[in-house]
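K.L.:
A single structure is presented below for examination.
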Amino acid sequence: AGPPKALVSPAPCGRACARPPGAMGFVARSSLRVVLGAAALGTAAVGEAQLQRFLSENAIARTAAAVNASAPTAVAVVDRIAANQDVDPGCAFAGFWEVTPEIVARIWKVSPDLAGYQHVGRGSCRDGGSRIYGGWSGESMSFDVCKALCDSSDTCVGMEYAFDGACTVRYDVEDVPEDPPAPGLRTFIDGDDATGDVAGTAAPWDRTCYKKVLMMESSQSQASSSGHWRIMFYPRSGEWSLGVDRATREAPLVMTEVQLREEGKCGAMEMSAKGPFVQGATVWWGTEELTIWASMPAERPSSSWESVADQSVWDISYHIGGASCPLRKDITGLPIQVLGVQHAVWGLRSCRTGVSRRLAPEMAPLTEQGWAQVVADRWFFGVEVFARRFVAGEGKTIADEACFQTLMLNIWEALPSTQMGSLASQLSGSRCVQ
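Each residue of the sequence shown is one higher than the one before, counting from 14 in the working numbering.
Here it is in structure tokens:
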């Protein structure tokens with residue numbers, strides 16, 4: 014056992030634990046989370062039954078759980094799923110997939126239900142004029158509690174959840190409560206007259222902003238035994254068609270074991286495709302509405318799961334319980350159908366079928382070879398994932414997200430000719446990084 018270290022977030026604490034061969038786990042109580050590690054295990058959230066079995070077999074895990082027993086929320090995360098532990102079959106979909114030449118989708122599972130909210134970005138919520146919303150904040154609460162506090166008010170426009178468990182609930186300038194809206198919210202934030210929908214973020218960067226959306230998604234949200242399935246769409250170049258914006262598009266995901274028959278669909282999936290099935294995820298590209306169906310390939314090798322060691326540095330949902338699945342790297346393509354409806358041309362329909370290719374910047378080695386793979390994929394966020402992993406691998410952190418995004422744009426513009434050495438030099442020498 015070592016002495017407790019103050020003011021250390023779970024990510025560097027986990028990296029420190031990973032270095033000594035004899036270290037088996039650590040406890041991060043500030044985030045109300047028990048994080049467990051062992052040499053034979055890798056990254057995946059486990060269900061209650063699996064957790065109890067793991068605790069029964071591991072003394073260090075029992076000790077960690079006991080130390081944190083008084084926390085309102087305790088989430089166990091292990092480093093690698095043991096061969097005899099069950100994995101949600103849907104986890105084979107987890108990862109990034111090329112939907113069209115212009116769009117990449119991430120399929121993943123989060124512990125909390127994000128219905129009614131959309132991720133805006135790292136940082137504090139801002140309106141369209143970059144003004145600060147007024148609000149109330151509190152310390153050391155779970156994401157679910159923070160979300161419930163915003164849910165309970167019709168005038169809450171969004172919330173921020175910090176990496177240390179702090180919660181801030183934001184309101185339009187005319188609707189900020191004069192008194193604490195809940196016992197856990199004790200600190201008043203005056204703001205500077207922000208109004209309307211949340212449109213962006215700014216410093217401080219130690220948190221993530223979620224905006225409340227008008228159309229609640231609860232009826233569509235699908236829960237599994239250990240979380241809720243989501244899909245997030247990224248424009249390949251970093252910018253959506255017609256130059257609308259650079260924000261991601263996000264929605265709950267319907268996943269079934271049996272293929273549903275839906276009116277207007279391209280037709281039944283090929284007989285070579287097998288469940289589980291992703292059903293009817295929708296995104297717009299310009300004036301064309303795209304609806305996507307996907308499945309597992311019929312012929313696939315026996316399960317081979319791999320962990321993502323540094324997911325915390327790029328996954329925007331990691332600290333709320335987003336790293337719930339390991340990856341099936343052996344599955345490199347998914348049978349896919351994309352139904353397009355061009356609303357600018359009298360609803361003209363098109364149907365595209367084929368194989369959706371896996372993009373894996375989160376697994377690429379931080380070497381010339383790995384960088385060459387990312388460059389070949391020509392995907393803006395893939396470059397960002399690789400860059401964030403490289404910065405973390407150098408033992409550094411991103412101090413200014415706005416500065417970092419500008420740096421990413423510069424790297425993207427010169428991408429075809431940027432070598433690994435140049436990338437490393439730009440990242441290590443940037444004022445965005447410390």
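For each residue, glycine too, the CB sits at the ideal point set by N, CA and C.
Going by beta-carbon coordinates alone, are Thr419 and Leu352 separated by less than 8 angstroms?
P.N.:
Not closer than 8 angstroms, so no.
K.L.:
Does the pairing of the stretch 206 to 222 with the stretch 126 to 142 give three or more beta-carbon distances under 8 angstroms?
P.N.:
Touching, yes.
K.L.:
I'd like to know whether the C-beta atoms of Glu375 and Gln439 end up nearer to each other than 8 angstroms.
P.N.:
Not a contact, by the Cβ cut-off of 8 angstroms.
K.L.:
So Ile11 packs on Val296, CB below 8 angstroms; how close in whole Å?
P.N.:
Only positions 14 to 447 of the chain appear in this structure, which leaves residue 11 out of reach.
K.L.:
Would Trp149 pass as a contact of Pro193 if the rule is Cβ separation under 8 angstroms?
P.N.:
Cβ atoms of Trp149 and Pro193: closer than 8 angstroms.
K.L.:
Please state the DSSP three-state secondary structure of Val358.
P.N.:
Looking at Val358 - three-state DSSP - the assignment turns out to be coil, as it is neither helix nor strand.
K.L.:
Quick check: does the Cβ of Ile145 come within less than 7 angstroms of any heavy atom belonging to the ligand ADP?
P.N.:
In terms of ligand content, the structure shown is empty, and the ligand ADP therefore cannot be addressed.
K.L.:
For Asp101 and Cys338, which I take to be in contact (beta-carbon distance under 8 angstroms), what is that distance rounded to the nearest angstrom?
P.N.:
Right, the Cβ-Cβ distance comes to about 7 angstroms (below 8 angstroms), so this counts as a contact.
K.L.:
Could you tell me the boundaries of the beta strand (DSSP E) in which Arg220 lies?
P.N.:
Start and end: 220 to 225.
K.L.:
Can you tell me whether DSSP reads Ala437 as helix, strand or coil?
P.N.:
If DSSP states are grouped into helix, strand and coil, Ala437 belongs with the helices.
K.L.:
Which same chain residues end up closer than 6 angstroms to Ala437 when comparing Cβ atoms and leaving out the 5 residues on each side of it in sequence?
P.N.:
So no residue of the chain qualifies.
K.L.:
If we count the other Cβ atoms within 10 Å of its Cβ and call it buried at 16 or more, is Trp327 buried or exposed?
P.N.:
Trp327 comes out buried.
K.L.:
So, under 8 angstroms CB-CB, Trp318 and Leu340 are touching, yes? Tell me the CB distance rounded to an integer number of Å.
P.N.:
At roughly 7 angstroms, the Cβ-Cβ gap stays under 8 angstroms, so Trp318 and Leu340 are in contact.
K.L.:
Could you check where the beta strand (DSSP E) with Gly171 kicks off and where it finishes?
P.N.:
Unbroken beta strand (DSSP E) run through Gly171: 169 to 175.
K.L.:
Terminal residues of the continuous alpha helix (DSSP H) containing Lys160?
P.N.:
Where Lys160 is concerned, the enclosing alpha helix (DSSP H) stretches over 156 to 164.
K.L.:
Judging by CA-CA distance, which residue of Ala405, Leu428, Tyr130, Glu187 is the nearest neighbour of Thr168?
P.N.:
Taking only the C-alpha atoms, the option nearest Thr168 is Glu187.
K.L.:
Determine contact between the stretch 378 to 394 and the stretch 245 to 254, defined as no fewer than three beta-carbon pairs at a distance below 8 angstroms.
P.N.:
Segments in contact, yes.
K.L.:
Assign Thr113 to one of two classes, buried (16 or more other C-beta atoms within 10 Å of its C-beta) or exposed (fewer than that).
P.N.:
With 16 or more other Cβ atoms within 10 Å, it is buried.
K.L.:
In the structure shown, what three-state DSSP assignment does Val321 receive?
P.N.:
Here Val321 sits in coil by DSSP.
K.L.:
Determine the contact status of Cys222 and Gly134, defining contact as a CB-CB distance below 8 angstroms.
P.N.:
Going by C-beta atoms, Cys222 is nearer than 8 angstroms to Gly134.
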